[in-house]
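Number of protein chains: 2
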Amino acid sequence: MSETAPSEAVIRAWTGLVRAQARVLGAVEAELKRAGLPPLAWYDVLRELQRAPGGRLRPHEIERRLLLAQPNVSRLIDRLEHAGLVQRCPCPEDGRGQHVAITKAGRALRRRMWPVYRAAIQRHLGARLESARAAETLAALLASLAEPA
Amino acid sequence: MSETAPSEAVIRAWTGLVRAQARVLGAVEAELKRAGLPPLAWYDVLRELQRAPGGRLRPHEIERRLLLAQPNVSRLIDRLEHAGLVQRCPCPEDGRGQHVAITKAGRALRRRMWPVYRAAIQRHLGARLESARAAETLAALLASLAEPA
DNA sequence: CCAAGATGAATGCAAATGCATTGAACGCGG
DNA sequence: CCGCGTTCAATGCATTTGCATTCATCTTGG
């Protein structure tokens, strides 16, 4: 699988990846919106924070984990902070940086989003896979692609 | 695969889909840019036009095929037209609509983009799949997800 | 034939993204 | 311990996206 020209199957995989993601992500995002909930990116940040020890992360950690551009992280945190969902606090061990900590309201919102999000994932992804085996296979293939380089 | 709560494997597939797409698409898009070429969306439109009979499509066809929002298609066409790659022309059979036709310059650009694009797909997707079988499997799974509803 | 709703496309405006630059603090080599 | 390259984060600005609205034309039921 590493010659110069991609096989026809690789090209179909590429097209599928782009299209499937657009289709599924779009549908899920739309459901969140219809439920009056904030966009997925907010959920992603809140989940990463909640999973992290102490409920906090450095901005560049968020950037790495969510594959976002640095200025976008900066402003995403702005919005979350403005909404009272996270809090920036000084970082003793590095004067340039800071910690971003999830707040009580942040945890509450995440808890409220999850059922809607979960149902949307099931409806738009889970229900469209043939079998549990298909889900496993897909997850495994995609996981290897999601890894750094 | 159609109960209410997604299995753990479905959730991993979801995460993988979002992350893999971000990683791979980002890398491919970056290569096009480094080569001084326009964004992928331009290529997509040009390819759809070139494949279509007569080298032209109605805007809403482009919208459907590429899963774009209507106003975005409208402005994407603006940019392409401005760059001389496509041409809008009146649509005899429907006075509201129009045809968007690829120009010579459009075909030339597409031809120039393809080798770079193809190599990027191979490097960032093809080369990271274990085998031809993996590519086939992935393509098949994603194709079913990319289909409408 | 006409009115009323549906559909195709454009536009105004707010929000988000990408990109280059800036400013501050870190850490290493000398 | 100092200077210099590097890293962390924010900001300004141009571009793109999202969303609601608008305008025009088409279609259909009466």
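Line by line, the protein sequences give chains D and L.
Each residue of the first sequence is one higher than the one before, counting from 76 in this note's numbering.
Each residue of the second sequence is one higher than the one before, counting from 76 in this note's numbering.
For glycine and all other residues, C-beta sits at the position ideal for the given N, C-alpha and C.
(message) Are the CB atoms of Val103 of chain D and His174 of chain D within a distance shorter than 8 Å?
(response) What you label residue 174 of chain D is simply residue 99 of the first sequence in a count that begins at 1. What you label residue 103 of chain D is simply residue 28 of the first sequence in a count that begins at 1. Their beta carbons are not under 8 Å apart, which means His174 of chain D does not touch Val103 of chain D by this criterion.
(request) Give the DSSP-derived three-state secondary structure of Leu132 of chain L in the structure shown. (result) Sequence index remark: in the second sequence, residue 132 of chain L carries index 57 (1-based). Look at Leu132 of chain L here: in three-state DSSP terms it is strand.
(message) Please return the same chain residues whose Cβ sits closer than 7 Å to the Cβ of Arg140 of chain L, not counting the five positions on each side in sequence.
(response) For the purposes of this step, residue 140 of chain L is taken as the residue at position 65 of the second sequence. The answer, listed in chain order, is Glu123.
(request) Check each residue of the segment 78-94 of chain L: if its Cβ is closer than 7 Å to any Cβ of chain D, include it; give the result in chain order. (result) Sequence-ordered contacts of the segment 78-94 of chain L with chain D read Thr79, Ala80, Pro81, Ser82, Ala84, Val85, Ile86, Arg87, Ala88, Trp89, Gly91, Leu92, Val93 and Arg94 [C-beta pairs closer than 7 Å].
(message) Let's see if you can read the secondary structure: which residues bound the alpha helix (DSSP H) around Pro165 of chain D?
(response) Taking the first sequence and counting its residues from 1, one reaches residue 165 of chain D at position 90. For Pro165 of chain D, no alpha helix (DSSP H) run applies; the uninterrupted beta strand (DSSP E) run containing it begins and ends at Val161 to Pro165, by DSSP.
(request) For the segment 93-110 of chain L, enumerate the residues whose C-beta is nearer than 9 Å to any C-beta of chain D, in chain order. (result) Result list: Val93, Arg94, Ala95, Gln96, Ala97, Arg98, Val99, Leu100, Gly101, Ala102 and Val103.
(message) Comparing C-alpha positions only, which one of D:Arg171, D:Ala144, D:Gln145 and D:Arg182 sits nearest to Val161 of chain D?
(response) Within the first sequence, residue 161 of chain D is the residue found at index 86, counting from 1. Out of D:Arg171, D:Ala144, D:Gln145 and D:Arg182, D:Arg182 has the C-alpha closest to the C-alpha of Val161 of chain D.
(request) Locate the alpha helix (DSSP H) running through Ala176 of chain L, then write down its first and last residues. (result) By one-based count along the second sequence, residue 176 of chain L stands at place 101. Taken as a continuous stretch (DSSP letters only), Ala176 of chain L belongs to no alpha helix (DSSP H), being part of the beta strand (DSSP E) at Gln173 to Ile177.
(message) Within the continuous alpha helix (DSSP H) that includes Leu121 of chain D, where are the two ends?
(response) By 1-based counting over the first sequence, the position of residue 121 of chain D is 46. Residues Leu115 to Arg126.
(message) With a threshold of 8 Å between beta carbons, is Ala221 of chain D in contact with chain L?
(response) Position 146 of the first sequence holds residue 221 of chain D. Output row for Ala221 of chain D: interface = yes.
(request) List the endpoints of the continuous alpha helix (DSSP H) containing Gly91 of chain L. (result) What you label residue 91 of chain L is simply residue 16 of the second sequence in a count that begins at 1. Looking at the DSSP string, the run of the alpha helix (DSSP H) that includes Gly91 of chain L is Glu83 to Arg109.
(request) Classify Pro190 of chain D as helix, strand or coil using the three-state DSSP reduction. (result) Along the first sequence, one-based indexing puts residue 190 of chain D at 115. Looking at Pro190 of chain D - three-state DSSP - the assignment turns out to be helix.
(request) Taking Arg169 of chain L as part of the alpha helix (DSSP H), name the residues at either end of that continuous run. (result) As a working mapping, residue 169 of chain L is identified with position 94 in the second sequence. With the sequence shown as reference, residue 169 of chain L is identified as Asp, and Arg is not the correct amino acid for it. Per DSSP, Asp169 of chain L belongs to no alpha helix (DSSP H) and is neither H nor E.
(request) Decide yes or no for the touch test of the segment 126-139 of chain D against the segment 206-216 of chain D: beta carbon pairs closer than 8 Å, at least 3 of them. (result) They do not touch, by the three-pair rule.
(request) Decide yes or no for the touch test of the segment 113-121 of chain L against the segment 175-195 of chain L: beta carbon pairs closer than 8 Å, at least 3 of them. (result) They touch, by the three-pair rule.
(message) Taking CB distances under 8 Å as the criterion, tell me whether Gln197 of chain L reaches chain D.
(response) Position 122 of the second sequence, counting from 1, holds the residue named residue 197 of chain L. Yes, because at least one Cβ of chain D sits closer than 8 Å to the Cβ of Gln197 of chain L.
(message) Is there a C-beta anywhere in chain D that falls below 8 Å from the one on Leu142 of chain L?
(response) Within the second sequence, the letter at position 67 stands for residue 142 of chain L. Yes, its Cβ sits closer than 8 Å to a Cβ of chain D.
(request) For Pro193 of chain L, go through chain D and note every residue whose CB falls closer than 7 Å to its CB, in chain order. (result) Start at 1 with the first residue of the second sequence, and residue 193 of chain L comes out as number 118. With the sequence shown as reference, residue 193 of chain L is identified as Arg, and Pro is not the correct amino acid for it. Residues of chain D with a Cβ closer than 7 Å to the Cβ of Arg193 of chain L are, in chain order, Ala80 and Pro81.
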